[in-house]
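**Q** Going by the working numbering, the sequence shown opens with residue 660, and the numbers climb by one from there.
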Amino acid sequence: MFQITIFLMYVIAGVLLALTRLPRFAPRSKTMLGIATMLGLGGFVWHAWTLWMAIILPDGLSLSIGNTASFIGLQIALVALFGALQPTLRGLAGGLFILAAAAAALTGWPTPTSAGDPISWQIQVHVLISLFAYGLLSVGAIVALFALVQEKRLQARKLSPVNQLFAPMETTENLLFGITASGFLVLLFAVFSGIAFVDDFFARHLVHKTALSLLALLLFGVLLAGRQFAGWRGKRAVYLYLWGFVILCMAYFGSRYVLEEILGRSWS
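1. Are the CB atoms of GLY880 and LEU835 within a distance shorter than 7 angstroms?
2. Would the beta-carbon of GLY842 fall within 7 angstroms of that of LEU796?
3. So for GLY750, helix, strand or coil by DSSP?
4. Quick one: what's got a C-beta closer than 8 angstroms to ALA743's C-beta in the same chain, skipping five residues either side?
5. Thinking LEU722 and ILE714 are a contact (beta carbons under 8 angstroms), I'd like their distance in whole angstroms, please.
6. How about ALA870 and SER789: are their beta carbons less than 7 angstroms apart?
7. Helix, strand or coil: which one does DSSP assign to ILE715?
8. Does the distance from the C-beta atom of LEU681 to that of GLN823 stay below 7 angstroms?
9. DSSP has LEU720 in a bridge; who is on the other side?
10. Roughly how many whole angstroms lie between the Cα atoms of LEU804 and GLU810?
11. Nearest to LEU899 by alpha carbon, out of MET828, ALA815, LEU807?
12. Give me the Cα-Cα distance between VAL784 and VAL897, rounded to the nearest whole angstrom.
13. Roughly how far, in whole angstroms, is the beta-carbon of LEU733 from the beta-carbon of HIS706, given that I think they are within contact range, below 8 angstroms?
14. Return yes when the Cβ of THR770 is within less than 7 angstroms of the Cβ of SER729, no when it is not.
15. According to the Cβ coordinates, are LEU874 and ILE854 closer than 7 angstroms?
16. What does the alpha-carbon distance come out to for the pair PHE756 and ILE782?
17. Taking LEU901 and THR839 to be in contact with their CB atoms under 8 angstroms, please state how far apart those CB atoms are, rounded to whole angstroms.
18. On the DSSP letters alone, give me the boundaries of the alpha helix (DSSP H) that TYR669 sits inside.
19. Taking the beta carbon of ILE921 as the centre, do at least 16 other beta carbons fall within 10 Å, making it buried, or is it exposed?
In structure tokens form, the structure reads like this:
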């Protein structure tokens, strides 16, 4: 029931934010923005509380597929709230809210019977930091894809009211690099926490995850350095980001499949 309410709050907020970018709704844009902000913020708080209750169990963490997706959706909603503060980013923020709505609907799915084998608080901290880094960089991947679509429309010189939903390319890129910098720092912290808290972090059965995570970290670092010292932007920056994100996905999903399905070992 809570998931349906949060879903509707996010969707309505997203649609209203997108409409504020269209000229025909300009006279009512302030009212629509106010309603969208209240719904988005209210949905975010409710989403956070619901997700906390779903993940934090008496015997540990419940990181099911649904809860993991919902956690990423919560970060998407947070970026959308900040994006709504910038008029030119409200079209993108509207799309992010709709994606967050879909993710929020998965909270608590499937219903867990328990959190599984008990793990130490140190491992729980490492897992949550890693998940936060992955979620933040997932938002960046969405923004990167948005930038690719935007650039293709600019090159095709398509004239359409839909263009009003897009921010200036420079604004979109600045948002992408801001997310990249934040995600890089959190991912770096996740790697260090893994080294400090996970006894077998470099063990054979986790070597895939560790190596791919370090490679992704390196690519994001190169991207930030290229932006800072060589002014990288456009397709080069976007594609490098997406490559880094794909490798990060392989570190999580690929290694998890190898461990649990092929080797029959626990991810923890």
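Ideal placement from N, C-alpha and C gives every residue a C-beta, glycine not left out.
**A** Taking the geometry as given:
1. Not in contact: LEU835 and GLY880 (Cβ atoms no closer than 7 angstroms).
2. In contact: GLY842 and LEU796 (Cβ atoms closer than 7 angstroms).
3. If DSSP states are grouped into helix, strand and coil, GLY750 belongs with the helices.
4. Within the same chain, ALA743 has close Cβ partners LEU676, LEU692, ALA695, THR696, GLY699, ARG749, ALA752.
5. Right, their Cβ atoms sit about 7 angstroms apart.
6. No, these two residues do not count as a Cβ contact at 7 angstroms.
7. In the structure shown, ILE715 sits in a strand (DSSP, three-state: E or B).
8. Their beta carbons are under 7 angstroms apart, which means LEU681 touches GLN823 by this criterion.
9. Bridge pairing for LEU720: ILE715 [DSSP].
10. Distance from the CA atom of LEU804 to the CA atom of GLU810, rounded to whole angstroms, is 10 angstroms.
11. Of the candidates MET828, ALA815, LEU807, the one whose C-alpha sits nearest the C-alpha of LEU899 is LEU807.
12. Roughly 31 angstroms between the two C-alpha positions.
13. About 6 angstroms; that satisfies the 8 angstroms criterion.
14. Contact check for SER729 against THR770 fails: the beta carbons are separated by 7 angstroms or more.
15. With respect to ILE854, LEU874 sits apart: the two C-beta atoms are not nearer than 7 angstroms.
16. Rounded to the nearest angstrom, the gap between the Cα atoms of PHE756 and ILE782 is 31 angstroms.
17. Taking a contact as a CB-CB distance under 8 angstroms, the pair LEU901 and THR839 does not count as one, their CB atoms being some 11 angstroms apart.
18. Its alpha helix (DSSP H) spans residues 661-678.
19. Confidence in ILE921 is poor, its pLDDT being 39 and thus under 50, which makes the residue's placement unreliable; the coordinate value appears in the next sentence. The residue in question, ILE921, is exposed, as its Cβ has fewer than 16 Cβ neighbours within 10 Å.
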